[in-house]
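*Asks:*
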Amino acid sequence: MIRKGAHALLVRPGLHLNVATTSTSMDPEVEALLQGYADIFHDVPGPPLMGPVDHTMPLVPGAQPVSRPMYRLSPLELDEVKRQVTDLLAKGMIRPSTSPYSAPILFVGKKDGMLRMCIDYRGLNATTIKNHYPLPHVDDLLDKLKGLAYFSSIDLQQGYNQIRIDASDIPKNAFQTLFSHFEYMVLLFGLTNAPATFQAVMDCMFRPYIDRFVVC
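Counting in my numbering, the sequence shown runs from 53 upward without gaps.
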């Protein structure tokens, strides 16, 4: 469960890299291993199963529901909203909402020319109590890799979306569209404490292996 753009490194100490053995093709044994566990990578419909940590959104005392008006979107962007919302509903990641909270949608261009739908949670984030769970420093992680030769960088598909939002906090992340009001049931980018929650999940899952052959 590693978010897009973040990595865990699996390492085996005491091994030396032989450049002559490197190849861009997949090792047959590795390919056979992946095929043997292919069922693990199948999409499971509905929200994720309960994990070690659910995302919570505690608010500062006296905070009131935040509702911000929609941003103007182009016809192309509106079509993309409908497409992505339909997909999210089918996957069980969002549901219709009657929440007093409401955040606007905006789009960010991706390298492949596609549009990434984002929710502007700056209003909600301003009233959220910050989670100060420790996040690793890149320099510290690199120090742990000194003298090692073999590295496996693992990236999870939609890692944030594999973490549930606590049921009592789901209405707080509601967002609006021209055709309806929805709320996420899974963690997503843009929420102020998302990195802290994700790191807590990673530490919990990998605790028996951290500093043995996992760095995260």
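Each residue gets a CB set at the ideal place from its N, CA and C atoms; glycine is no exception. Treat the numbers as computed from the prediction; the structure is a model and nothing was measured.
Would you mind sorting residue 68 into buried or exposed? The rule is 16 or more other CB atoms within 10 Å of its CB.
*Replies:* The pLDDT assigned to residue 68 is 38, lower than 50, so where the model puts this residue is not dependable; a value taken from the coordinates is nonetheless given after this. Exposed is the call here.
*Asks:* Tell me whether residue 80 sits in a helix, a strand or coil according to DSSP, three-state version.
*Replies:* Residue state, collapsed to three classes: helix.
*Asks:* Since residue 115 and residue 185 are thought to touch, with beta carbons under 8 angstroms apart, how far apart are those beta carbons, to the nearest angstrom?
*Replies:* Incorrect: roughly 21 angstroms between the Cβ atoms, too far for contact.
*Asks:* So, helix, strand or coil for residue 175, using DSSP?
*Replies:* Three-state DSSP puts residue 175 in a helix.
*Asks:* Quick one: grab the DSSP three-state call for residue 124.
*Replies:* Coil.
*Asks:* In whole angstroms, what separates the C-alpha of residue 75 from that of residue 85?
*Replies:* With a pLDDT of 47 at residue 75, under the threshold of 50, the modelled position of that residue is not reliable, and no figure is offered here.
*Asks:* Decide if the region 186 to 195 is in contact with the region 157 to 175; the criterion is three or more beta carbon pairs, one per stretch, under 8 angstroms apart.
*Replies:* No, the region 186 to 195 does not touch the region 157 to 175.
*Asks:* I'd like to know whether the C-beta atoms of residue 122 and residue 200 end up nearer to each other than 9 angstroms.
*Replies:* Contact: no.
*Asks:* Answer yes or no: do residue 146 and residue 237 have a C-beta to C-beta separation smaller than 9 angstroms?
*Replies:* In contact: residue 146 and residue 237 (Cβ atoms closer than 9 angstroms).
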